[in-house]
Structure formats: structure tokens, C-alpha cells
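Some notes on the structure that comes next.
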Amino acid sequence: MGYLLVVTLIQAFSFSLIGEYLAGHVDSYFAVLVRVLLAGLIFIPLTRWRSVEPAFMRGMLVIGALQFGVTYVCLYLSFRVLTVPEVLLFTILTPLHVTLIEDALNRRFNPWALIAALVAVAGAAVIRFDQITPHFLGGFLLLQLANFTYAAGQVMYKHLVARYPSDLPHYRRFGYFYVGALLVVLPAFLLFGKSNFLPEAPLQWGVLVFLGLVSTALGMYWWNKGACLVHGGTLAVMNNLHVPVGLLLNLLIWNQHEPLGRLALGGLVILGAVWISRLGVRKAPLLR
Numbered sequence: 001m002g003y004l005l006v007v008t009l010i011q012a013f014s015f016s017l018i019g020e021y022l023a024g025h026v027d028s029y030f031a032v033l034v035r036v037l038l039a040g041l042i043f044i045p046l047t048r049w050r051s052v053e054p055a056f057m058r059g060m061l062v063i064g065a066l067q068f069g070v071t072y073v074c075l076y077l078s079f080r081v082l083t084v085p086e087v088l089l090f091t092i093l094t095p096l097h098v099t100l101i102e103d104a105l106n107r108r109f110n111p112w113a114l115i116a117a118l119v120a121v122a123g124a125a126v127i128r129f130d131q132i133t134p135h136f137l138g139g140f141l142l143l144q145l146a147n148f149t150y151a152a153g154q155v156m157y158k159h160l161v162a163r164y165p166s167d168l169p170h171y172r173r174f175g176y177f178y179v180g181a182l183l184v185v186l187p188a189f190l191l192f193g194k195s196n197f198l199p200e201a202p203l204q205w206g207v208l209v210f211l212g213l214v215s216t217a218l219g220m221y222w223w224n225k226g227a228c229l230v231h232g233g234t235l236a237v238m239n240n241l242h243v244p245v246g247l248l249l250n251l252l253i254w255n256q257h258e259p260l261g262r263l264a265l266g267g268l269v270i271l272g273a274v275w276i277s278r279l280g281v282r283k284a285p286l287l288r
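By UniProt numbering, the letter at position 171 of the sequence shown is numbered 171, and the numbering carries on one by one without gaps.
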């Protein structure tokens, strides 16, 4: 639980840093690429490349590609059309995706998840009922893809560690994660990146360094390690804790003029969607 709490605070602060200092100023693909490279410099030298199951390595490559590569490319792109509070609120649906993926892996169907998805869409409409544009809907859909891939990475990591136990500490087998992320992020930057939107101000470089070394390196490692030490229900709750913390930080420091009434009402509806998605779900076993 301690790992998850620390990462929650890091995530909450990181969302505001991205929205205020990088979104619209620094190329999204470049920002994600720098984060992966910096995190890789920390973990890849510590990684054991021998005496590790090849299937575990392949699984970690896929997890890194999904949980960071696809997730953060979509996240950064969504900041182009959504405000920081909106991005935070729409990431609250991650537990819903966790439920759907768990059900698929266990070959069962939870009808509450479908109802929750419809309620969540209604909550998004409440927030922007007077400004629902194709750009807004595109941002919402991008975040749902990010939620899905982030959730998939967590679930897959828990199952992968349980299937391939090892006496090695987690950090000795985590460098593959960043290699997998790089396999997505590097081609994306080469194909779609804009070299005329690179960081110029020292503050922007400072934010990227913080996001790379703290949010991406320590944050992703601690989160996945913590996910293996708690029950599924606890993990779902922790996936949402960064939302109120992040909103509080963002509204107090940067966005005092947000439409708080609609934001609060829509947020409650979306939170209700998460509660609905948990109905009928059996308590997940503890995976170590």
C-alpha cells in the first residue's frame, strides 16, 4: 500500500505539470520519448539479461508497450483538447477497464460493467454539455484507450509475476518494461513528432527530467510492484485516488476559474459509474 500511496501523489502532481508546462508547448511524442529514455537509463543497467525466462521477457515487453507506450502517447495527445481537471476525471474509469480485463481473463461476464460504461459517458456529457465537440469526444476516447492499456498492463504484470516467480528482486527484471515502451514511443516520434515543438525553456526541460526520473522510472516501478502486494479491490480504489488529489492541486494552484459545479456533478456521476462497475464483482485473490 505504501508504494501505491507514494505513486498516487507523484501522479497527481505530474498531471498538472504536463497540462501547464508541456501540453501545447512541447511535442507530445518527444515528451513521452524523453521520459522513456531517462527511465531506461535508470533500470536497464540494473536488469538481469541472463537466467530469466524468455516468456517473462516477452510479457514485460508487451506490458511496457501497453502500460506506458500506448497509454502515455494517448494521454499527452488528449491534453491538446481537454483541460487538466477533465483529463483527471476521465482517468477515473481505469478500474472499469480493470474489471473488464479481469473478466475476460477469467472467462466471465459482468453486466454491471456495461451499465457503468453508459453512466460514465453520461458523466462526461454533464461536464461539457454546452461544448461537446468532435475534439472533446476525440479526447475522451483517447483517454479511454489510455485507461484500457494502463489497466491491461497492471493486470498482466500481476499475472506474469505470479506465473514466473523468481528470487530476483523486482527491479532486476523490470528493465524490459522500458524497452517495450520504447518500441512504441520511438517509431511514434519518428513518424509523427514535430521537431519545431521541442523544449526551449529550462523549466520545460526540468519538468521532463522530473517526469522521466521520478514519475516514469520510480513511479511505474513502484506502482507495478505495489499492485502485486494488494487485493484487486484495493488496487481499483488506488487507481482512483490520484483523481481527487490531482484535482485539488490543480484547482488550488493553477485553475481557479474552472466551472466547479458541472465539474463536481459530472465527477460524481463518473464516480458512480466506478461504483456500479464493482457491483457483483467477487473479491480478487491476493497475488504475490
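Don't be surprised by glycine CBs; every beta carbon is placed ideally from N, CA and C.
Output the distance between the C-alpha atoms of residue i and residue j, rounded to the nearest integer angstrom.
| i | j | result |
| --- | --- | --- |
| Leu4 | Ala39 | 18 Å |
| Ile276 | Pro45 | 44 Å |
| Ala201 | His159 | 42 Å |
| Val185 | Gly261 | 37 Å |
| Thr149 | Leu252 | 30 Å |
| Ile42 | Val26 | 23 Å |
| Ser195 | Leu33 | 13 Å |
| Met57 | His170 | 13 Å |
| Ser166 | Gly226 | 16 Å |
| Gly123 | Glu53 | 44 Å |
| Tyr176 | Leu213 | 16 Å |
| Met238 | Asp103 | 19 Å |
| Gly19 | Phe140 | 16 Å |
| Ile115 | Asn147 | 17 Å |
Would a C-beta distance cut-off of 8 Å place residue i and residue j closer than the cut-off?
| i | j | result |
| --- | --- | --- |
| Phe174 | Thr8 | no |
| Tyr164 | Ala55 | yes |
| Arg80 | Gly2 | no |
| Leu143 | Ala273 | no |
| Leu61 | Val161 | no |
| Leu17 | Leu211 | yes |
| Ile10 | Gly206 | no |
| Leu249 | Phe13 | yes |
| Phe15 | Val84 | yes |
Since residue i contacts residue j with CB under 8 Å, what's their CB separation in whole angstroms?
| i | j | result |
| --- | --- | --- |
| Cys74 | Leu145 | 5 Å |
| Val36 | Ala181 | 5 Å |
| Leu89 | Gly267 | 5 Å |
| Leu183 | Ala65 | 6 Å |
| Val98 | Gln154 | 7 Å |
| Tyr29 | Phe192 | 6 Å |
| Ile101 | Ala152 | 6 Å |
| Val126 | Val269 | 6 Å |
| Leu208 | Pro199 | 6 Å |
Considering residue i, what are the terminal residues of the alpha helix (DSSP H) in which it resides?
| i | result |
| --- | --- |
| Glu102 | Thr94 to Leu105 |
| Tyr164 | That residue, Tyr164, is in no alpha helix (DSSP H); it is neither H nor E in DSSP. |
| Asn197 | The question names Asn, yet the displayed sequence has Phe at residue 197. Unbroken run through Phe197: none, as it is neither H nor E. |
| Phe210 | Pro202 to Phe210 |
| Gly226 | Met220 to Ala227 |
Would residue i pass as an interface residue toward chain D - the criterion being a Cβ-Cβ separation below 8 Å?
| i | result |
| --- | --- |
| Tyr178 | No chain D is part of this structure, which consists of one protein chain only. |
Next item on the list: Would you mind listing the beta strand (DSSP E) stretches within the UniProt domain "EamA" (3–127) that are 3+ residues and don't spill past its ends, in chain order?
Entry: Qualifying beta strand (DSSP E) stretches: none in this window.
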